[in-house]
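J.:
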Amino acid sequence: MSIILMGITSCVGDNSPKSLFNGENADQWKTQGVVEVENGVITINDGASLVLKKGNYTDFELNVKARTIDSGKGYIAFHTDNVADGYRVALNNDLESLQWWTKTGSLLSVRNLTKSTVKTNDWFEMNIRVEGKAITVSVNGNPVVEYIEPASPYRTSEHATKLLSSGKFAIQSDEGTIEIESIEVTPLSPASDIAQQQSLAIDETTDHIIKLHQENFPVLDYHVHLKGLTAEEAAGQARNYGINYALAPNCGIGFPITNDEEVIEYLEEMEGQPFIQAMQGEGREWPQTFSAEIRDKFDYVFTDALTFTDTKGRRTRLWIPEEVFIENEQQYMDLIVQKIVDVMQEPMDVYVNPNFLPDVMNDRYDEFWTDERMDKVIKAMVETNKILEINNRYEIPNKAFILKAKDAGLKFTFGTNNADGDFGKLEYCIRMKDECGLTAEDMYKPNMEI
Numbered sequence: 003m004s005i006i007l008m009g010i011t012s013c014v015g016d017n018s019p020k021s022l023f024n025g026e027n028a029d030q031w032k033t034q035g036v037v038e039v040e041n042g043v044i045t046i047n048d049g050a051s052l053v054l055k056k057g058n059y060t061d062f063e064l065n066v067k068a069r070t071i072d073s074g075k076g077y078i079a080f081h082t083d084n085v086a087d088g089y090r091v092a093l094n095n096d097l098e099s100l101q102w103w104t105k106t107g108s109l110l111s112v113r114n115l116t117k118s119t120v121k122t123n124d125w126f127e128m129n130i131r132v133e134g135k136a137i138t139v140s141v142n143g144n145p146v147v148e149y150i151e152p153a154s155p156y157r158t159s160e161h162a163t164k165l166l167s168s169g170k171f172a173i174q175s176d177e178g179t180i181e182i183e184s185i186e187v188t189p190l191s192p193a194s195d196i197a198q199q200q201s202l203a204i205d206e207t208t209d210h211i212i213k214l215h216q217e218n219f220p221v222l223d224y225h226v227h228l229k230g231l232t233a234e235e236a237a238g239q240a241r242n243y244g245i246n247y248a249l250a251p252n253c254g255i256g257f258p259i260t261n262d263e264e265v266i267e268y269l270e271e272m273e274g275q276p277f278i279q280a281m282q283g284e285g286r287e288w289p290q291t292f293s294a295e296i297r298d299k300f301d302y303v304f305t306d307a308l309t310f311t312d313t314k315g316r317r318t319r320l321w322i323p324e325e326v327f328i329e330n331e332q333q334y335m336d337l338i339v340q341k342i343v344d345v346m347q348e349p350m351d352v353y354v355n356p357n358f359l360p361d362v363m364n365d366r367y368d369e370f371w372t373d374e375r376m377d378k379v380i381k382a383m384v385e386t387n388k389i390l391e392i393n394n395r396y397e398i399p400n401k402a403f404i405l406k407a408k409d410a411g412l413k414f415t416f417g418t419n420n421a422d423g424d425f426g427k428l429e430y431c432i433r434m435k436d437e438c439g440l441t442a443e444d445m446y447k448p449n450m451e452i
């Protein structure tokens, strides 16, 4: 969904671009800490900052050419008179950062991004556009954030100043080094209809996603398929909802991707996209179908235990009633548990669609998933260092299993496993997060390398 953009500015009468850095000095800025200007570049070192001396901007387009050096990270603030208040846009391309969900372009605490589309040490263009109640952040010409501040924005006391108003710009280095080559601002003309903009805004009085951002919790759907949506449409939906997506092609015999060469083609098509890239291994043959080298090109790999061969050699897919052959339910349940335990030996990171039961048994889910059976699966997951998905589509596993998994020290993902273009908003996952007391430290960090 694209935002309708309109504008307001306090710099009435002058809508021409203005350079805020002449390439020779930082005289337009109040500096604190180690700030250097050399060869046309401002270098902002660990903990240093710039605050614009003059100007009071309401609506504007700010263009900055910057790069982060190694693990350097910080932010650009607007509508502020210091580095502590106002909205902040992240500068962070550090793949090793413990807080991995606030990458470059994040509108911090409002629209945090789990994937940076640029690399550390590389120059990139950032555009921050504020028009009326609409904020758009673009990196190298591609929008990564589109946010409309609603009439009643949800803000915790910690983030109370992150509201549209007016003010100056600031640039802060929280850690390491940030380099700036150019800074240019263009004031924009007044908006004609704020009410029309806000009619498109998400109602944050009922939205659970903004609450996750405000508490600095990673907002990532780790299990999304391009079914019913193109990659471009999925990116637009991510910007609209404020949910990051990990896209996962189905990889296996008889599925859209069947060999190493097709994986390479897929990943080349996805290069530069704002998605974390996951692989879903299908069937039980997938570890032999794809080489370890190719599997490692994904940020992580997941599979489920829904497909197996039963005790009489029959192919079973638990979600297809015609392929479920039950003679004794308790014995069949033990078979399901054993198949799950066996799957833990496969070279995957995340166990998804966890503890799924066929339709004829699912109405007695809690009865079949006894403590003994849960403990057996969790033991196998701990021993093989696997991650547990909380699945939004099937609303599994149950709370009892999640609590046991948490006590055992397992990490978690939230996953939709959508059947069509409706990805939902992680409702069951968020409810389990709250009821089970999950924190950001309980969530799995993908092995991102690019």
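Quick note on numbering: the sequence shown equals residues 3 to 452 in this note's numbering.
Positions of the beta carbon are idealized from the N, C-alpha and C atoms, including for glycine.
A quick note: this is a predicted structure, and the numbers were derived from the prediction, not measured.
Count Cβ pairs between the segment 42-56 and the segment 91-106 that sit closer than 8 angstroms; are there 3 or more?
T.: No contact exists between the segment 42-56 and the segment 91-106.
J.: Closest to residue 21 by C-alpha separation, out of 268, 427, 188, would be which residue?
T.: Taking only the C-alpha atoms, the option nearest residue 21 is 188.
J.: Could you tell me the distance, in whole angstroms, from the CA atom of residue 89 to the CA atom of residue 296?
T.: Distance between the alpha carbons of residue 89 and residue 296 is about 40 angstroms.
J.: At the level of alpha carbons, what is the spacing between residue 426 and residue 397?
T.: Taking the straight line joining both Cα atoms gives about 12 angstroms.
J.: Near residue 341, which residues of its chain fall below 7 angstroms by C-beta distance, leaving aside the five closest residues on each side in sequence?
T.: Taken in chain order, the residues that qualify are 307, 310.
J.: How is residue 347 classed by DSSP in three states: helix, strand or coil?
T.: Residue 347: coil per DSSP, three-state reduction.
J.: Among residues of its own chain, excluding the 5 on either side of residue 345, which ones have a beta-carbon nearer than 6 angstroms to its beta-carbon?
T.: Excluding positions up to five away in sequence, the list reads 307.
J.: Does the structure place the segment 209-227 close enough to the segment 154-164 that three or more beta carbon pairs sit under 8 angstroms?
T.: With a cut-off of 8 angstroms, the segment 209-227 and the segment 154-164 count as touching, because enough Cβ pairs lie within range.
J.: Going by DSSP, what residues sit across from residue 173 in a beta bridge?
T.: According to DSSP, residue 173 bridges with 52, 78.
J.: According to the Cβ coordinates, are residue 303 and residue 351 closer than 8 angstroms?
T.: In this structure, residue 351 lies closer than 8 angstroms to residue 303 by Cβ.
J.: Put residue 210 into one of helix, strand or coil per three-state DSSP.
T.: Reduced to three states, the DSSP call for residue 210 is helix.
J.: So for residue 403, helix, strand or coil by DSSP?
T.: Reduced to three states, the DSSP call for residue 403 is helix.
J.: Beta strand (DSSP E) containing residue 34: first to last residue?
T.: It spans 31-34 - the beta strand (DSSP E) in which residue 34 sits, taken as one unbroken run.
J.: Roughly how many angstroms separate the alpha carbons of residue 374 and residue 406, rounded to a whole number?
T.: Taking the straight line joining both Cα atoms gives about 11 angstroms.
J.: Which whole runs of the alpha helix (DSSP H) in the segment 248-301 are 4 residues long or more, in chain order?
T.: Taking only runs of at least 4 residues, the alpha helix (DSSP H) segments lying wholly in the segment 248-301 are 262-272, 288-291, 294-297.
J.: Figure out for me which residue from 195, 182, 338 has the closest Cα to the Cα of residue 26.
T.: Per the Cα distances, 182.
J.: How would you call residue 328, buried or exposed, if buried means at least 16 neighbouring beta carbons within 10 angstroms?
T.: Residue 328 is exposed by the Cβ-count criterion.
J.: Can you give me the Cβ contacts of residue 19 inside the same chain, cut-off strictly under 6 angstroms, excluding the 5 residues immediately before and after it?
T.: Excluding residues within five positions, the ones whose Cβ falls inside 6 angstroms are 186, 188.
J.: Tell me the rounded alpha-carbon separation between residue 195 and residue 137.
T.: Distance between the alpha carbons of residue 195 and residue 137: 15 angstroms.
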